[in-house]
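Here the working numbering is used: the first residue of the sequence shown is 455, the next is one more, and so on.
Quick reminder that beta carbons are idealized off the backbone N, C-alpha and C, glycines included.
This one's a predicted model, so the numbers in the text were calculated from it and none came from an experiment.
Taking it in order: structure first as structure tokens, then the write-up.
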Amino acid sequence: MTDTLTNLILLGPPGAGKGTQARMLVERFGLLQLSTGDLLREAVANGTAAGRTAKGIMEQGGLVPDDVVLQVLKDRLSSGNLGSGVIFDGFPRTLGQAEALDAVLAEMGMKLDRAIALEVDDAAMVDRIAGRYTCAHCGEGYHDTSKQPATVGKCDVCGGTDFKRRADDNAETVRARLETYHAETAPLTEFYARRGLLSSIDAMQPIETVAGRLAEILERESA
Ligand code: ADP
Ligand code: ADP
Ligand code: ZN
């Protein structure tokens, strides 16, 4: 059994700060970030069968079928070191995925310790998404107004000078993604609350404040 690991889910709509917080948790707690969005974008870039299925759906802001997402997730889980636990970022997004996750973890002798909901206003999400960009070299995330590099045009982490924006980060797709979130993913908070695994954080607060709350929850979990 590997139950000394802390495995957690970050729940929240597009732009809530899941990726930003997950990267900070990796730094601070040595956890492995597992973002199904990143895995699917990689599959699209590599032109794999999963990528070919996912591409058009992601451009429209819909959900990639559960079996496709589960396969890329399982491939990643079985191919590496899990650090001191896993942060599931952007997964599960449906009840079917939540149930499948329990089964996958059980097979690996692991369990889910906590699901943390990042709570935000829909109205703020369009701005978060529209202003989002990342370092093309190391993937560090930035925002046009809320998180600029210390030196404009130069990544704080790696010094890289190339940045990129996601093809699906436009006003039209954001609205579709928010609708998808409310229809398919929001019910998961209730699912985890019933099992006593849910914590919620007001993610309208500054990045560092949210990170502090997350650290408190994790420290309690691993105590
Ligand atoms: P998600 O992974 O949930 O889609 P991101 O972590 O990519 O969200 O964050 C979306 C954008 O909002 C990024 O540009 C990020 O820098 C910015 N951001 C993240 N958290 C906050 C926050 N608490 N306050 C303001 N901006 C934030
Ligand atoms: P966000 O910043 O909106 O949280 P992600 O990078 O997590 O975005 O996801 C981008 C897109 O990838 C989603 O809009 C969806 O099409 C697809 N995707 C990511 N994770 C999943 C998942 N668990 N199930 C289905 N589709 C997913
Ligand atoms: Zn960088």
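N-terminal and C-terminal residue of the alpha helix (DSSP H) that residue i is part of
| i | result |
| --- | --- |
| G538 | As written in the sequence, residue 538 is Ser, which differs from the Gly given in the question. Neither: S538 is in no alpha helix (DSSP H) and is coded neither H nor E. |
| Q525 | D520 to L531 |
| A632 | A small fix is needed here, since residue 632 is Leu in this sequence, not Ala. Here the alpha helix (DSSP H) through L632 covers A625 to T634. |
| L493 | T490 to N500 |
| R620 | Where R620 is concerned, there is no enclosing alpha helix (DSSP H), given that its DSSP letter is neither H nor E. |
| E638 | First-last for E638: undefined, no H or E at that position. |
| G505 | A503 to Q514 |
| G484 | Run containing G484: none; DSSP gives neither H nor E here. |
Separation of residue j from residue i, as counted between CA atoms
| i | j | result |
| --- | --- | --- |
| T456 | D492 | Residue placement at T456 cannot be trusted, given a pLDDT of 41 that sits under 50; what the coordinates show is reported in the next sentence. Taking the straight line joining both Cα atoms gives about 26 Å. |
| G510 | D616 | 26 Å |
| R629 | I541 | 26 Å |
| D576 | H591 | 30 Å |
| L672 | R586 | 27 Å |
| R619 | G595 | 10 Å |
| R477 | D581 | 21 Å |
| P641 | R547 | 9 Å |
| R667 | V523 | 29 Å |
| M579 | L632 | 9 Å |
| E513 | E626 | 10 Å |
| L559 | E553 | 10 Å |
Enclosing beta strand (DSSP E) for residue i [first to last residue]
| i | result |
| --- | --- |
| L462 | L462 to L465 |
Selected residue, minimal CA-CA separation from residue i, among the options
| i | options | result |
| --- | --- | --- |
| G469 | L668, A657 and F645 | A657 |
| A497 | L486, A476 and V526 | V526 |
| G539 | R568, Q602 and N624 | R568 |
| S600 | C612, A584, G614 and G593 | A584 |
| L488 | G471, F545 and L549 | F545 |
| Y646 | D556, K528, A503 and T507 | D556 |
| G537 | L486, E481, V606 and G593 | L486 |
- [ ] Using the beta-carbon of each residue, find all residues closer than 6 Å to any heavy atom of ligand 3 and list them in chain order.
- [x] C589, H591, C592, E594, C609, V611, C612 and G614
Task: Runs of beta strand (DSSP E) lying entirely within the segment 527 to 612, each at least 3 residues, in chain order - done: 540 to 543, 568 to 573, 586 to 589 and 595 to 597
Open item on the list: Quick check for students: name the residue ranges of the beta strand (DSSP E) that lie wholly in the segment 643 to 676, counting only runs of 3 or more.
Closed with: With a minimum length of 3 residues, the continuous beta strand (DSSP E) runs that stay inside the segment 643 to 676 are 652 to 656.
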